[in-house]
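Input: a single structure, listed below in structure tokens.
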Amino acid sequence: MEIDGAPGDLGEVHEATFATLTVRMPQGAALASLARPDFYPRAARAFAVVGTGEARPSGCFILRKGVVF
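Counting along the sequence shown from 1, when you hit position 39 you're at 261 in our numbering, and nothing is skipped either side.
Following this line, the structure appears as structure tokens:
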């Protein structure tokens, strides 16, 4: 989820997560940010929600895997 009021900025939690994911992503995969109003409806439609206890702000992520139609 984007940082409120700073959509182009990456927070500490984003930098750490993106660094971990980038080295494991297949060719052509992409990372993107969603504004808070767009994030929550999409999260509500997710297959699963995993609570991690992440305390850093804006540390919410949606991961998508597999064939996407």
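All C-beta atoms, glycine included, are put in the ideal place defined by N, C-alpha and C.
- For residue 268, the secondary structure class from DSSP, reduced to helix, strand or coil, is coil.
- Residue 249 and residue 242 have their C-alpha atoms spaced approximately 15 Å apart.
- Residue 261 is a Cβ neighbour of residue 223, given a cutoff of 8 Å.
- A distance below 8 Å separates the beta carbons of residue 233 and residue 279.
- Rounded to whole angstroms, the Cβ separation of residue 276 and residue 235 is 7 Å, and the two are in contact under 8 Å.
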